[in-house]
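The structure appears right after this line, and notes come after that.
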Amino acid sequence: MMVGRIVKKKRSGGRRVREARMFATAMKSAYHPVVAQIIPTRRCNLSCSYCNEYDDFSDPVDTAEMFRRIDKLAELGTTIITASGGEPLLHPELPAIIGRVRSHGIMATLITNGFPLTRKIIRDLNRAGLDYVQISIDNVIPDGASRKSLSLLDQKLQWLAEDAAFQVSINAVLGEGIGNPADALTIARRARELDFTATVGIIHDHRGQLRPLDESRQRIYKDILRMGAPIFSFAQYGLFQKNLVDGLPNQWHCRAGCRYLYICEEGLVHRCSQQRGIPGISLGSYSRNDLERESETAKKCTPFCTVSCVHQTALLDRFRENPKAVLDQITDSRKELDPSFKPPRLVGLLRRLFLNSRNRKLFGRIALRILNIP
Ligand SMILES: C[S@@+](CC[C@H](N)C(=O)[O-])C[C@H]1O[C@@H](n2cnc3c(N)ncnc32)[C@H](O)[C@@H]1O
Ligand code: SF4
Ligand code: SF4
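Just so it is clear: in the sequence shown, position 326 is 326 by this note's numbering, and no numbers are missing.
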């Protein structure tokens, strides 16, 4: 336990610098990908009833080909690369793939159902330099919809708490078809006990569109937020999930295809996992023109979109354009849930750095110099 804590502390300093670098790069230019999701294998060991992103037969993508894709994403200026799937840990050389991401100074993150985790794999991922893992857990006891259950995964969570040098977050999906909605609260409490963060995803249909939450799920969603989720969860809540939880549309500009890229197992670029086939261009030939076109294109699927990674990148762009409005919206929505809420110091610091245009330019320039961004 002790060794894990020391390594974690040492690592978190480097991770903070990479996060700051990602933020500063996103503030500087609007035409590079903030997040790219890569699919090392489409195959999955499970078959969750709500999911359309897996099969049970695909081979892992050749590692040399994964390296080429990562190198190309680095060339495009990508700041975070996330391995997803299918189940990415079914790729026999996933630590090497993570290592390749980190060799470019890019943040490496992983989304997994956690089943293939062993203590050895956790150590291999530490060595590879993984920054962050998201484990998806849907219920306490397995049911017909999902076997991503606390009862089956708790041992893996304890190993992660003891040995992982990377940050761990647990994501529970709330929505129609997922058994007992109150399980999401139990899962979030367990995450806190283990010193992990907890997030909640809202279930979408096969085109990424909202499947409305009933009243009990709306209440549970808000209870989880009141447990003291980090400011970013509130940012997400304040800026898009609040409306979706209440079944209302959002007005926003989706920059998928530019700020967010989904690279399928065949190496094609798609806007997101739910809009595959658009633009469907090979990553090898993806260019600045493609990034610009996708950034400017208005997408019809925005009002009820629940794809949270893309909303998060949009949040950075909104902050870039109007930091005051974004900070106000985040704090107001938090206060609505909890009138005694006091904004954390980070929010105060961001206000001082970015709300005055002279400060913004000066601190922006200093940050870019310190973080070595050309
Ligand atoms: C497709 S999975 C791939 C990674 C890994 N197999 C896992 O389950 O974490 C990535 C994430 O998408 C979520 N997901 C899949 N289908 C979804 C849906 N219809 N609505 C919302 N989230 C979904 C999963 O719960 C998981 O957190
Ligand atoms: S574990 Fe992940 S990829 Fe596999 S079926 Fe479930 S959500 Fe889909
Ligand atoms: S709005 Fe963007 S992220 Fe959402 S489904 Fe459409 S293309 Fe995907």
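Ideal Cβ placement from N, Cα and C applies to all residues, glycine included.
Residues that DSSP places opposite residue i in a beta bridge
{"i": "Thr112", "result": "Ile135"}
{"i": "Pro173", "result": "The sequence given here has Val at residue 173, not Pro. Answer by DSSP bridge pairing, in chain order: Gly201."}
{"i": "Ile80", "result": "Val35, Met107"}
{"i": "Ile281", "result": "Val269"}
{"i": "Gln167", "result": "Tyr132"}
Between the CA atoms of residue j and residue i - distance to the nearest angstrom
{"i": "Leu152", "j": "Gln329", "result": "39 Å"}
{"i": "Leu150", "j": "Asp138", "result": "8 Å"}
{"i": "Gln218", "j": "Ser29", "result": "37 Å"}
{"i": "Leu316", "j": "Gly177", "result": "32 Å"}
{"i": "Met122", "j": "Gly277", "result": "Looking at the sequence itself, residue 122 is Ile, so the reference to Met does not match. Cα-Cα distance, rounded: 34 Å."}
{"i": "Met66", "j": "Pro92", "result": "12 Å"}
{"i": "Pro95", "j": "Leu337", "result": "41 Å"}
{"i": "Gly247", "j": "Asn171", "result": "21 Å"}
{"i": "Ser282", "j": "Asp290", "result": "11 Å"}
{"i": "Arg293", "j": "Leu244", "result": "28 Å"}
{"i": "Ile98", "j": "Val140", "result": "30 Å"}
{"i": "Lys72", "j": "Arg147", "result": "36 Å"}
{"i": "Gln312", "j": "Ala20", "result": "15 Å"}
{"i": "Leu240", "j": "Arg318", "result": "It should be pointed out that residue 240 corresponds to Phe in this sequence rather than to Leu. Going by the C-alpha atoms only, they are around 12 Å apart."}
{"i": "Gly267", "j": "Glu193", "result": "39 Å"}
Buried/exposed call for residue i, threshold 16 Cβ in 10 Å
{"i": "Leu89", "result": "buried"}
{"i": "His206", "result": "exposed"}
{"i": "Leu339", "result": "Note that residue 339 is Pro in the sequence shown, not Leu. When all chains shown are included, Pro339 counts as exposed."}
{"i": "Arg189", "result": "exposed"}
{"i": "Lys299", "result": "buried"}
{"i": "Arg288", "result": "exposed"}
{"i": "Ile187", "result": "buried"}
{"i": "Asp183", "result": "buried"}
{"i": "Asn250", "result": "buried"}
{"i": "Lys242", "result": "buried"}
{"i": "Lys156", "result": "buried"}
{"i": "Thr118", "result": "exposed"}
{"i": "Gly280", "result": "exposed"}
{"i": "Gly14", "result": "exposed"}
{"i": "Phe57", "result": "exposed"}
Cutoff 6 Å; reference residue i; Cβ partners in own chain excluding five residues on either side
{"i": "Tyr286", "result": "Val269"}
{"i": "Glu115", "result": "Inspection of the sequence shows that residue 115 is occupied by Phe rather than by Glu. The residues are Asn45."}
{"i": "Gly77", "result": "His32"}
{"i": "Ile203", "result": "Tyr50, Val173, Gly175, Arg211"}
{"i": "Lys335", "result": "Phe341"}
{"i": "Leu160", "result": "Val168"}
{"i": "Val61", "result": "Pro40, Glu265"}
{"i": "Gln37", "result": "Thr82, Ser84, Tyr262"}
{"i": "Ala128", "result": "Pro95, Ile98, Gly99"}
Heavy atom of ligand 1 within 6 Å of residue i beta-carbon
{"i": "Gly201", "result": "yes"}
{"i": "His204", "result": "yes"}
{"i": "Asn45", "result": "no"}
Residue i beta carbon near ligand 3 (any heavy atom closer than 6 Å)
{"i": "Gln251", "result": "no"}
{"i": "Val35", "result": "no"}
{"i": "Gly208", "result": "yes"}
{"i": "Cys272", "result": "yes"}
{"i": "Thr302", "result": "yes"}
Closer than 6 Å: residue i CB and nearest ligand 2 heavy atom
{"i": "Asn139", "result": "no"}
{"i": "Gly175", "result": "no"}
{"i": "Leu110", "result": "no"}
{"i": "Asn171", "result": "no"}
{"i": "Tyr54", "result": "yes"}
Nonlocal neighbours in the same chain, by C-beta distance under 8 Å from residue i, ignoring five residues either side
{"i": "Ser169", "result": "Tyr132, Val133, Gln134, Ile135, Ala191, Phe196, Thr197, Ala198, Thr199"}
{"i": "Glu87", "result": "Thr41, Arg43, Cys44, Asn45, Leu46, Tyr54, Thr112, Asn113, Phe115, Pro116"}
{"i": "Ala74", "result": "His104, Ile106"}
7 Å CB neighbourhood of residue i in its chain, flanking five on each side removed
{"i": "Pro142", "result": "Ser149, Leu152"}
{"i": "Gly208", "result": "Cys272, Gln274, Gln275, Cys301, Cys305, Thr306, Val307"}
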